[in-house]
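Presented below is the structure to which this report refers.
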Amino acid sequence: MSNKPGDRNNPLAKAARADRNRKIAIQVGVAAVLVGLVAAIGIGLAMRKSDDEKSKPSATATSFAPTVTHDASAGAVPPNVTSGGAIRIGNPDAKAKIQIVADLQCPACKMFEGSNSDALSKAVQSGSATIDYSIISFLDRASNGNQYSTRAANAAYVVAASDPSKFQAWLGTMFSKQPPENGNGMTDDQLIQIAVDAGYTDPKVAQDIRDGKYVQWVKDETKAVFATGLQSTPTVYVNGTQVQDAKSLMSPGGMTSVIENAAK
Numbered sequence: 001m002s003n004k005p006g007d008r009n010n011p012l013a014k015a016a017r018a019d020r021n022r023k024i025a026i027q028v029g030v031a032a033v034l035v036g037l038v039a040a041i042g043i044g045l046a047m048r049k050s051d052d053e054k055s056k057p058s059a060t061a062t063s064f065a066p067t068v069t070h071d072a073s074a075g076a077v078p079p080n081v082t083s084g085g086a087i088r089i090g091n092p093d094a095k096a097k098i099q100i101v102a103d104l105q106c107p108a109c110k111m112f113e114g115s116n117s118d119a120l121s122k123a124v125q126s127g128s129a130t131i132d133y134s135i136i137s138f139l140d141r142a143s144n145g146n147q148y149s150t151r152a153a154n155a156a157y158v159v160a161a162s163d164p165s166k167f168q169a170w171l172g173t174m175f176s177k178q179p180p181e182n183g184n185g186m187t188d189d190q191l192i193q194i195a196v197d198a199g200y201t202d203p204k205v206a207q208d209i210r211d212g213k214y215v216q217w218v219k220d221e222t223k224a225v226f227a228t229g230l231q232s233t234p235t236v237y238v239n240g241t242q243v244q245d246a247k248s249l250m251s252p253g254g255m256t257s258v259i260e261n262a263a264k
């Protein structure tokens, strides 16, 4: 295209330049989104190792049915977990059965939750899906020795034991306030305040968070999850099939069509 001075006042030339600039902007935007998705997947893969070297997976998961080995004398067992140790939310007879594995310190898990929390909540509320949340802990090393990953996971089992109907709202807030990696995590007081804000006002909830009531359970659940061959977080299964499509996992509402198809 000519860059002669006369072209600058030519309406056709102006339109052509505007169209060209618009196309460039769109291409840059698309590239940014793709880079973000690739980064998210990379983050998840990079965080596959457990602080406990014995928990490292040795193979790619082809199914997800963890078996928790837990000595009740070493710590309490949450009262309403599944046989695989997960927090079950929603109608257990729903056609769409979703399994989600997440660490509350995991940035990729935060992205998944931010993109799909509405879709997951609506699926539970409508009765079309049941969701098993395996909240695990392998990122304690990212909180300067404050064991944030474990303490946050303990809080998950505490609040779910108190009232599972509020769990998804609590989970969304926890991810939205996720502390940065290599920081100090949250204090117990902060965890308790989030629980209170989510409607968990029973003093026993606060006490169980402080006492780390389910810490040993969290450790045993984490070992059981990695023993299945799981490679990264978040890991999501729908009706026994792992969701590996980045668009479904990380784009806004990406899980909606997956859940709708599974519920047919």
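For the sequence shown, UniProt numbering assigns the number 1 to the initial residue and increments by one for each residue that follows. All C-beta atoms, glycine included, are put in the ideal place defined by N, C-alpha and C. Treat the numbers as computed from the prediction; the structure is a model and nothing was measured.
Bridge partners - residue i, DSSP secondary structure assignment
i      : result
Ile100 : Tyr133 and Val236
Gln242 : Tyr237
Gly90  : Thr130
Val81  : Ile87
Residue environment, residue i, which counts as buried when at least 16 other CB atoms sit within 10 Å
i      : result
Gly85  : buried
Lys204 : exposed
Asp220 : buried
Asn80  : exposed
Ser50  : Legend: pLDDT at Ser50 = 39, less than 50; position of this residue unreliable, value from coordinates given subsequently. Under this definition Ser50 is a buried residue.
Asn154 : buried
Ala65  : exposed
Ser248 : buried
Gly185 : buried
Gln207 : exposed
Asp189 : exposed
Asp245 : exposed
Gly183 : exposed
Gln125 : exposed
Ala59  : Residue confidence is low: Ala59 scores 33 on pLDDT, short of 50, so the model does not pin down where it sits. Its coordinate-derived value is still stated next. When all chains shown are included, Ala59 counts as exposed.
Val196 : exposed
Thr241 : exposed
Ser149 : buried
Pro107 : buried
Ser143 : buried
Thr69  : exposed
7 angstroms Cβ shell around residue i - same chain, five flanking residues per side excluded
i      : result
Lys110 : Phe175 and Gln178
Asp202 : Ser162
Ser251 : Ser115
Ile131 : Ile89, Gly90, Ile98, Ile100, Leu120 and Val124
Gly254 : Ser115, Asn116, Lys247 and Ser248
Close beta carbons around residue i, own chain, < 6 angstroms, minus the five adjacent residues each side
i      : result
Tyr200 : Val159 and Ser162
Ile259 : Ala96, Ala123 and Ala129
Gly212 : Asn154
Trp170 : Val159 and Ala198
Thr256 : Ala119
Val236 : Ile100 and Val243
Ser134 : Ala86, Val101 and Val225
Leu191 : Ala155 and Ile209
Cβ neighbours of residue i in the same chain (closer than 8 angstroms, five flanking residues each side left out)
i      : result
Ala263 : Ala94, Lys95, Ala96, Ala123, Ser128 and Ala129
Pro164 : Asn80, Ile87, Arg88 and Ile89
Contiguous alpha helix (DSSP H) assignments of at least 4 residues, all confined to the segment 164-221: List check, alpha helix (DSSP H) in window: 167-176, 188-197 and 203-211.
The segment 135-148 touching the segment 65-80, judged by at least three CB pairs closer than 8 angstroms: Touching, no, given that fewer than three Cβ pairs across the two stretches are closer than 8 angstroms.
contact_flag[the segment 226-237, the segment 96-113] where n(CB pairs < 8 angstroms) is 3 or more: Output reads yes: the segment 96-113 touches the segment 226-237.
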